[in-house]
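Worksheet: the structure to be examined is printed underneath.
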Amino acid sequence: MAQVIGYVGTSHIPAIGGAIARNLQQDPYWKPFFDGFPAARQWLSLSKPDVVVVFYNDHGLNFFLDKMPTFAVGAANEYANADEGWGLPNFGTYHGYPELSWHIIEQLVTDEFDPMTCQEMKVDHAFTIPLKLLWPEGTAGIRTIPIAINTVQHPLPSARRCYKLGQSVGRALASWPEKQNVLVLGTGGLSHQLDGQRAGFINKSFDLMCLDKLVGHPEQLTGYSGAQLAEIAGTQGVELLNWIAARGALDGQVREVHRNYHIPISNTASALLVLENRPQ
Ligand code: DHB
Ligand code: FE
Numbered sequence: 013m014a015q016v017i018g019y020v021g022t023s024h025i026p027a028i029g030g031a032i033a034r035n036l037q038q039d040p041y042w043k044p045f046f047d048g049f050p051a052a053r054q055w056l057s058l059s060k061p062d063v064v065v066v067f068y069n070d071h072g073l074n075f076f077l078d079k080m081p082t083f084a085v086g087a088a089n090e091y092a093n094a095d096e097g098w099g100l101p102n103f104g105t106y107h108g109y110p111e112l113s114w115h116i117i118e119q120l121v122t123d124e125f126d127p128m129t130c131q132e133m134k135v136d137h138a139f140t141i142p143l144k145l146l147w148p149e150g151t152a153g154i155r156t157i158p159i160a161i162n163t164v165q166h167p168l169p170s171a172r173r174c175y176k177l178g179q180s181v182g183r184a185l186a187s188w189p190e191k192q193n194v195l196v197l198g199t200g201g202l203s204h205q206l207d208g209q210r211a212g213f214i215n216k217s218f219d220l221m222c223l224d225k226l227v228g229h230p231e232q233l234t235g236y237s238g239a240q241l242a243e244i245a246g247t248q249g250v251e252l253l254n255w256i257a258a259r260g261a262l263d264g265q266v267r268e269v270h271r272n273y274h275i276p277i278s279n280t281a282s283a284l285l286v287l288e289n290r291p292q
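Start counting the sequence shown at 13; every next residue gets the next number (the working numbering).
Next comes the structure, spelled out in structure tokens:
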């Protein structure tokens, strides 16, 4: 059976990609952010995931407002990055794992989810930047499964719905016959609002509370509707839904390995959380 070895939650702010391209990791503005990652990479080098299931949101690269799935699961052999207009380097192509994707999709439909299934899917900064932060040398030996959650256009799924989605993915992994180590990754957030009257809005106390709850009591975060989260965390802070969904896939004894929180990077409260998941 596949073993979910742990969880990473991280911000996916596009400017991070620009900072990596220009080698600004030691720059005073960027250092407190990048300094969070060596501990995460060290843990990954010991726990050695074979597969990464990425819960993220597409920002108009693959789905636009005219066609917006609430949940979309990649089932392709590979996933290509493409120019989104942020001036970022192209991060290339990621290996897929269609057999496991379809196994996850089967479980989701059995559990009464109705995901869009994507045998062709592009991936944007919300997928590429977290993987670049965790594997700066690239993800050559690692297979990826993108699961996109609509955090862009109302109506948004509730936090509870996203958590249950993650639980269903966790059940699928538990019944996958191959012995593989799986990392679940939730990207985005934490609190931020990029436009409108509250542009620049950040809610530090809410973010810190969420990081605490994600460790040991994630179900206490499931009472929020998408609209309530937009009010509390900012219109883009709803990307927290990706973190909550990924957390649903952990079913063992969860231990915090590492965290980092730094305000602001660009317009966003940046955060990193690494959790280990030991079988019960
Ligand atoms: C920013 C944050 C995001 O989550 C995103 O998708 C785009 C931009 C920002 O803070 O600049
Ligand atoms: Fe985003």
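Idealized CB from N, CA, C, for every residue including glycine.
This structure is a prediction, so every number in the text was calculated from the model and none was measured.
For the ligand FE, enumerate in chain order all residues having a CB closer than 6 Å to any of its heavy atoms.
Listed by chain position, these are H24, H71, A138, G200, Q248 and E251.
Using 8 Å as the cut-off, can you tell me whether the stretch 17-35 makes contact with the stretch 95-106, which would need three or more C-beta pairs spanning the two stretches below that distance?
yes
Answer yes or no: the CB of N89 versus the heavy atoms of the ligand DHB, is any distance below 7 Å?
Set against 7 Å, the gap from the CB of N89 to the closest heavy atom of the ligand DHB is not smaller.
Whole angstroms are fine: how far does the CA of A33 sit from the CA of H274?
21 Å
W55 vs H270 beta-carbon contact at 8 Å:
yes
Decide if Y41 is buried, meaning its Cβ has at least 16 other Cβ atoms within 10 Å, or exposed.
exposed
Going along the chain, which residues of its own chain have a beta-carbon closer than 7 Å to the beta-carbon of S237, five neighbours each way excluded?
Same-chain partners within the cutoff: S170.
Residue span of the beta strand (DSSP E) that contains M128, given as start and end
M128 to C130
Is V227 helix, strand or coil by DSSP?
helix
Once you ignore the five residues that flank F45 on each side, which residues in its own chain have a CB closer than 7 Å to its CB?
H274, I277 and S282
Between the Cα of Q165 and the Cα atoms of P81, G48, L284 and A261, which residue gives the shortest distance?
P81
Can you tell me whether T122 is buried or exposed, with buried defined as 16 or more other CB within 10 angstroms of its CB?
exposed
Three-state secondary structure assigned by DSSP to G11
Residue 11 cannot be examined here, being either before or after the span of the chain that is shown, 13 to 292.
Give the DSSP-derived three-state secondary structure of L177 in the structure shown.
helix
Within this structure, are the beta carbons of L197 and V20 separated by less than 8 Å?
yes
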